[in-house]
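A short worksheet on the structure shown next.
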Amino acid sequence: MPAEKHKVLVIGLDGATFDILTPLVQQGLMPNLAALMEQGCWGKLSSTIPPFTAAAWSSFITGKNPGRHGVLSFRYKRDRFNYDVRGSGFVDAQRFDQTLWEILSAAGKQIGAVNVPLTYPARPVNGYMVTGMLTPLSAEQFTYPAEFARTLQLDQDYVIDVDFIRDEENFRVRGFPPKAEMIAQVSNMSRVRAQVCARLLRDEPWDFFMVVFTGTDRVMHFFWDDLAAIVADGGANDPIQQKV
Numbered sequence: 001m002p003a004e005k006h007k008v009l010v011i012g013l014d015g016a017t018f019d020i021l022t023p024l025v026q027q028g029l030m031p032n033l034a035a036l037m038e039q040g041c042w043g044k045l046s047s048t049i050p051p052f053t054a055a056a057w058s059s060f061i062t063g064k065n066p067g068r069h070g071v072l073s074f075r076y077k078r079d080r081f082n083y084d085v086r087g088s089g090f091v092d093a094q095r096f097d098q099t100l101w102e103i104l105s106a107a108g109k110q111i112g113a114v115n116v117p118l119t120y121p122a123r124p125v126n127g128y129m130v131t132g133m134l135t136p137l138s139a140e141q142f143t144y145p146a147e148f149a150r151t152l153q154l155d156q157d158y159v160i161d162v163d164f165i166r167d168e169e170n171f172r173v174r175g176f177p178p179k180a181e182m183i184a185q186v187s188n189m190s191r192v193r194a195q196v197c198a199r200l201l202r203d204e205p206w207d208f209f210m211v212v213f214t215g216t217d218r219v220m221h222f223f224w225d226d227l228a229a230i231v232a233d234g235g236a237n238d239p240i241q242q243k244v
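At position 98 of the sequence shown the residue is numbered 98 (my numbering), and the sequence of numbers has no breaks.
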């Protein structure tokens with residue numbers, strides 16, 4: 001008999017720490033996460049040294065520490081006294097180790113990677129990829145294969161990141177809208193992403209699938225001390241997101 005085929009599903013909630021999640025679980029707002037915590041194991045992870053976004057996500061993507069994958073931050077030392085701030089494409093070019101999906105693709109596994117931070121520009125995989133955080137608004141190479149973008153456009157309002165955190169220069173923040181509008185943008189982005197992923201998991205072949213919900217990070221940046229506004233929105237208990 002052929003060996004049983006196992007699949008791996010990774011769901012990333014960017015910036016969602018357990019000191020925030022645990023009270024929501026205790027209030028019954030995240031029943032699926034509660035079940036996973038009860039039936040499996042969970043705990044806090046140590047970050048990288050330095051504990052910066054670019055270094056930490058690159059370590060996750062490669063399984064190596066910053067000294068081995070070569071990414072320390074978004075800053076590039078232009079000369080002795082000056083640093084440039086660069087975006088995802090620069091980080092990808094700076095990283096000199098194989099990524100998880102490149103290793104799995106070489107092993108013949110079918111990959112689905114959706115909105116993982118610092119994956120722009122999309123690289124060839126045995127499957128499909130949608131790039132994540134810091135993908136420029138004007139980007140054309142944000143999916144692999146390129147025609148996979150049409151699959152995303154079947155779902156109305158699909159976005160890689162919320163408007164108030166992005167601009168054409170990829171990194172500078174524009175003016176912030178009112179809180180209610182910010183919450184609405186994050187909630188809509190997350191719901192549409194969940195709809196897309198539910199369809200991809202159902203209709204597309206995969207051995208390894210990963211999606212990152214960046215909206216949680218955006219919420220924590222701006223509403224860390226006002227979590228009641230997010231709970232009132234109901235996004236944590238949205239049925240589509242619970243389905244994923």
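By construction, the Cβ of each residue, glycine as well, lies at the ideal position given by its N, Cα and C atoms.
Pop quiz: residue i and residue j are said to be a contact at Cβ under 8 Å. What is the actual Cβ separation, rounded to whole angstroms?
i: L118; j: A54; result: 6 Å
i: M133; j: A122; result: Not quite, the Cβ-Cβ distance comes to about 14 Å (not below 8 Å), so this is no contact.
i: M189; j: G12; result: Contact doesn't hold; Cβ gap of about 14 Å is too wide.
i: G63; j: L9; result: Contact flag wrong, Cβ pair sits at about 18 Å.
i: R193; j: N115; result: 7 Å
i: F60; j: S73; result: Contact doesn't hold; Cβ gap of about 15 Å is too wide.
Using the three-state DSSP reduction, which class does residue i fall into: helix, strand or coil?
i: F52; result: coil
i: V212; result: strand
i: M133; result: coil
i: A113; result: strand
i: V192; result: helix
i: T119; result: coil
i: T317; result: Past the edges of the chain, shown from 1 to 244, lies residue 317, and the structure says nothing about it.
i: L72; result: coil
i: T99; result: coil
i: T143; result: strand
i: L33; result: helix
i: I11; result: strand
i: G67; result: helix
Taking Cβ positions, are residue i and residue j nearer each other than 9 Å?
i: I160; j: T131; result: yes
i: D217; j: D14; result: yes
i: G127; j: Q110; result: yes
i: I49; j: P31; result: no
i: F213; j: G112; result: no
i: V71; j: R95; result: yes
i: Y33; j: L21; result: For the record, residue 33 in the displayed sequence is Leu; it is not Tyr. It is a contact, given that the beta carbons lie within the stated cut-off.
Taking its Cβ as the centre, do 16 or more other Cβ atoms sit within 10 Å of residue i, making it buried, or is it exposed?
i: F16; result: Inspection of the sequence shows that residue 16 is occupied by Ala rather than by Phe. That one is buried.
i: C41; result: exposed
i: Q26; result: exposed
i: A180; result: exposed
i: T6; result: For the sequence presented, residue 6 should be read as His rather than Thr. The residue is exposed, with fewer than 16 neighbouring Cβ atoms inside 10 Å.
i: N170; result: For N170, the predicted structure reports a pLDDT of 42, less than 50, and the residue's modelled location is therefore unreliable. A value from the coordinates is still provided. Label assigned to N170: buried.
i: R68; result: exposed
i: Q185; result: buried
i: S46; result: exposed
Near residue i, what residues of its chain come up, given a Cβ to Cβ distance below 6 Å and the 5 sequence neighbours on each side ignored?
i: A149; result: T143
i: G43; result: none
i: G215; result: V186, M189, S190
Which residues in the same chain as residue i place their Cβ atom closer than 7 Å to its Cβ, once the five residues preceding and following it in sequence are excluded?
i: W57; result: P117, L118
i: F18; result: K44
i: D157; result: N188, V192
Given residue i, which residues of its chain have a CB within under 8 Å of its CB, disregarding the five upstream and five downstream residues?
i: W206; result: K7, Q110, I111, G112, G127, L200
i: H221; result: G15
Considering only heavy atoms of the ligand ADP, does any lie closer than 8 Å to the CB of residue i?
i: T151; result: With respect to the ligand ADP, the structure offers nothing, as it holds no ligand at all.
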